[in-house]
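Please read the structure below before turning to the comments.
There are 2 protein chains.
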Amino acid sequence: MNTQATGDGTVGKALDVLDIVVGFGRAVRFSEVLEVSPYPKATLHRMLGTLTNQGMLAYDDDRGVYVAGMRLVRIGRHAWNQSSLAVLGRPFAEALAEDIKETVHLAQMERGRVVFIDKVTPEGGFPTMARSGRRSPAHCTGVGKVMLAFMDDDRRAAAIEGQTWEAFTPKTHQGPETLLPELEEIRDVGLAYDREEHEQGIISMAAPIKGGGGRVIGSISIVTSVNRMSLDEIGKYRPALTRTAAQIGREGAVWPYPVVS
Amino acid sequence: MNTQATGDGTVGKALDVLDIVVGFGRAVRFSEVLEVSPYPKATLHRMLGTLTNQGMLAYDDDRGVYVAGMRLVRIGRHAWNQSSLAVLGRPFAEALAEDIKETVHLAQMERGRVVFIDKVTPEGGFPTMARSGRRSPAHCTGVGKVMLAFMDDDRRAAAIEGQTWEAFTPKTHQGPETLLPELEEIRDVGLAYDREEHEQGIISMAAPIKGGGGRVIGSISIVTSVNRMSLDEIGKYRPALTRTAAQIGREGAVWPYPVVS
DNA sequence: AAGCTGAGTTCCATTATTTGGAACACGCGA
DNA sequence: TCGCGTGTTCCAAATAATGGAACTCAGCTT
Chain A
0 MNTQATGDGT VGKALDVLDI VVGFGRAVRF SEVLEVSPYP KATLHRMLGT LTNQGMLAYD
60 DDRGVYVAGM RLVRIGRHAW NQSSLAVLGR PFAEALAEDI KETVHLAQME RGRVVFIDKV
120 TPEGGFPTMA RSGRRSPAHC TGVGKVMLAF MDDDRRAAAI EGQTWEAFTP KTHQGPETLL
180 PELEEIRDVG LAYDREEHEQ GIISMAAPIK GGGGRVIGSI SIVTSVNRMS LDEIGKYRPA
240 LTRTAAQIGR EGAVWPYPVV S
Chain B
0 MNTQATGDGT VGKALDVLDI VVGFGRAVRF SEVLEVSPYP KATLHRMLGT LTNQGMLAYD
60 DDRGVYVAGM RLVRIGRHAW NQSSLAVLGR PFAEALAEDI KETVHLAQME RGRVVFIDKV
120 TPEGGFPTMA RSGRRSPAHC TGVGKVMLAF MDDDRRAAAI EGQTWEAFTP KTHQGPETLL
180 PELEEIRDVG LAYDREEHEQ GIISMAAPIK GGGGRVIGSI SIVTSVNRMS LDEIGKYRPA
240 LTRTAAQIGR EGAVWPYPVV S
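So the protein lines, in turn, are chains A and B.
Numbering that gives the first Met the number 0 puts the first sequence at residues 0 to 260.
Numbering that gives the first Met the number 0 puts the second sequence at residues 0 to 260.
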């Protein structure tokens, strides 16, 4: 119905505000939130008050800033323990990263956007900018494209509908016309590559993580820089990557948590 | 104003429901939530719908159950990265646990209740029931009492006001009359002991973690069973425990996140 | 196959809450 | 003291939440 993440009356707005505040990734002043939120001063003020009151945010009196609250930390941790692929995937991701000495990303999808669930950077691995909990577009990342390729048709349709098609580099897909054929190719090959589509000089190779019934529950990728390795060279890790993806998938065969499109 | 965690209109109710669902720790049926929530059928139904719609919960069509949603996982992870003592405390807690071969807990406080932030059980350590994200009362745990002892007077007053005084064992404090004197003692000694007050046979020794300005930002404890060790014996780890607490505190000297009382 | 039961969903007039423009308070530097 | 940028409070109008009751649907029983 509504493609917007917003909506749903008061609760939707409150969660929207929560998302904004936490998304800053640091303590924020009222006016900063006001600037980026679509709500009028009084409304936002009341919203922040409610969220603080509820323990989802905390207000630092001295500095006059809002930060994430303990209740959010607690509920979020609980949710993480239950629904995050990281809990069962981390050991395998760590083993892979250690084995090949390259950075490994673990991702899931939320409404057509990639959510980085975890990352492992081994000694000497390439330090990527991804941070767990961050979101990125799906159309320009290896982990995103591979999930799009293997998800249900209707979910994919909805996800593609919601893409922003922002052009991060000259190689970024700018619309379904070029993306859809690549997705088909990805389905054939069983892997997706990020050819500097999200960031100049950064490449990756991603495999889908399939739980019970072949349903995609996330994806895993090896990320590096073109200065360290070419796309061809990264290909030599293909067996290791697909093996790890399969291991995690086996572990998550009875995965009860749906990947939200 | 209101001591209840509930309140604050629609948003409060929605968060309440979210808390309930996630608190189950597993996929739940509508009727299960209905049973424990104070809301009428229609209201709860709408609430769950809204939360699902917002990505905070996810609904499994096949099984007809609700689980934590990806959006909650994402926001929660973000919050965790920012505000959890675990992020900076874990390495030290791990070192301590490895050193003494006993289980170590890391905790913070939310509205007078202890939230377990992280735990480390080394090879051969005593496996405790605490799980990160879980809550326990403050009046009967080492980590809780030590935070109560060292927090601001007004915060302590509010926190003590909110205690349930549930008697888990014969040794549990049943009211402020006996707890307050012990808190004073704890302040003197600089440590708190749990003398089988939460669970028969389980004891612990806890130290406060103090950030900048001596403000308590959490606590750390060594937990074991009376079958493994006596209260006296656990005391030999005192230097190690206080050293670790100090290390974490130094790391968190510029800790920007308030410990919500 | 009709009837029953329990779980989940929908309806809608009533009621309570949210809304946000505007006025107000506060701290701070000039 | 004035002015400015922030943050807070008010309150009548507008909107959204409420929940009892009726309904649907699947599975089970007689």
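Built from N, CA and C at the ideal position, the CB exists for glycine as well.
One finds Leu14 in chain A with Cβ atoms closer than 8 Å to the Cβ of methionine 55 of chain B, taken in chain order. Counting of Cβ neighbours within 10 angstroms places serine 203 of chain B among the buried residues, the total reaching 16 or more.
Inclusion of threonine 102 of chain A and valine 119 of chain A in the CB contact set at 8 Å is warranted, their separation being smaller than that value. Looking at the DSSP output, methionine 108 of chain B shares a beta bridge with B:Val113. In this chain, alanine 157 of chain B is not harboured by any beta strand (DSSP E); it is covered by the alpha helix (DSSP H) spanning 152-160. Under the three-pair Cβ rule at 8 Å, the segment 161-172 of chain A counts as touching the segment 130-139 of chain A.
Straight through space, the alpha carbons of arginine 112 of chain A and valine 145 of chain A are spaced by roughly 12 Å. Look at the segment 101-134 of chain A: the residues with a C-beta under 8 Å from a C-beta of chain B are Gln107, Met108, Glu109, Arg110, Val114, Ile116, Arg130, Ser131, Gly132, Arg133 and Arg134.
For phenylalanine 91 of chain B, the closest alpha carbon among the candidates B:Leu71, B:Trp254 and B:Arg249 is that of B:Arg249. Between histidine 77 of chain B and glycine 22 of chain A, the gap from beta carbon to beta carbon is short of 8 Å.
In the DSSP assignment, valine 66 of chain A falls within the unbroken beta strand (DSSP E) covering 64-67.
CA-to-CA, the gap between leucine 178 of chain A and glutamine 81 of chain B works out to about 35 Å. If you look at leucine 56 of chain A, you'll find it isn't in any alpha helix (DSSP H); it sits in the beta strand (DSSP E) that goes 56-59. Selection A:Gly213, A:Met228 and A:Gln246 evaluated against phenylalanine 125 of chain A yields A:Met228 as nearest (Cα-Cα).
Taking proline 207 of chain B as the centre and dropping the five residues before and after it, the same chain places the C-beta of Val145, Phe149, Val215 and Ser218 closer than 6 Å to its C-beta, in chain order.
If the five residues before and after arginine 70 of chain A are omitted, its C-beta is found closer than 8 Å to the C-beta atoms of Gln53, Gly54 and Met55, all from its own chain and listed in chain order. Threonine 51 of chain A is not a Cβ neighbour of glycine 75 of chain A, given a cutoff of 8 Å.
Looking from the CA of proline 121 of chain A, the closest CA among A:Val142, A:Leu147, A:Val114 and A:Arg89 belongs to A:Arg89.
Secondary structure of valine 222 of chain B (DSSP, three-state): strand.
One thing to note: leucine 190 of chain B has its Cβ within 8 Å of the Cβ of alanine 205 of chain B. Residue contact check for serine 83 of chain A against chain B: a CB pair falls below 8 Å.
Spanning the alpha carbons of leucine 84 of chain B and valine 253 of chain B requires a straight line of approximately 12 Å. Here valine 215 of chain B carries a strand assignment [DSSP, helix/strand/coil]. Rounded to the nearest whole angstrom, the C-alpha separation of alanine 106 of chain B and lysine 170 of chain A is 47 Å. Boundaries of the beta strand (DSSP E) around arginine 134 of chain A: 134-136. A Cβ-Cβ distance of about 28 Å is found for the pair isoleucine 99 of chain A and tyrosine 256 of chain A, leaving them out of contact under the 8 Å criterion. The C-alpha of leucine 95 of chain A is placed about 14 Å away from the C-alpha of glycine 123 of chain A. As a beta-bridge residue in DSSP terms, methionine 204 of chain B pairs with B:Tyr192 and B:Ile221. Following the DSSP letters along the chain, one finds valine 20 of chain A inside the alpha helix (DSSP H) bounded by residues 8-23. For serine 36 of chain A, the CB contacts under 7 Å within the same chain, skipping 5 residues up- and downstream, are Val16, Ile19 and Leu43 in chain order. According to the DSSP assignment, lysine 100 of chain A belongs to no alpha helix (DSSP H), since it is labelled neither H nor E.
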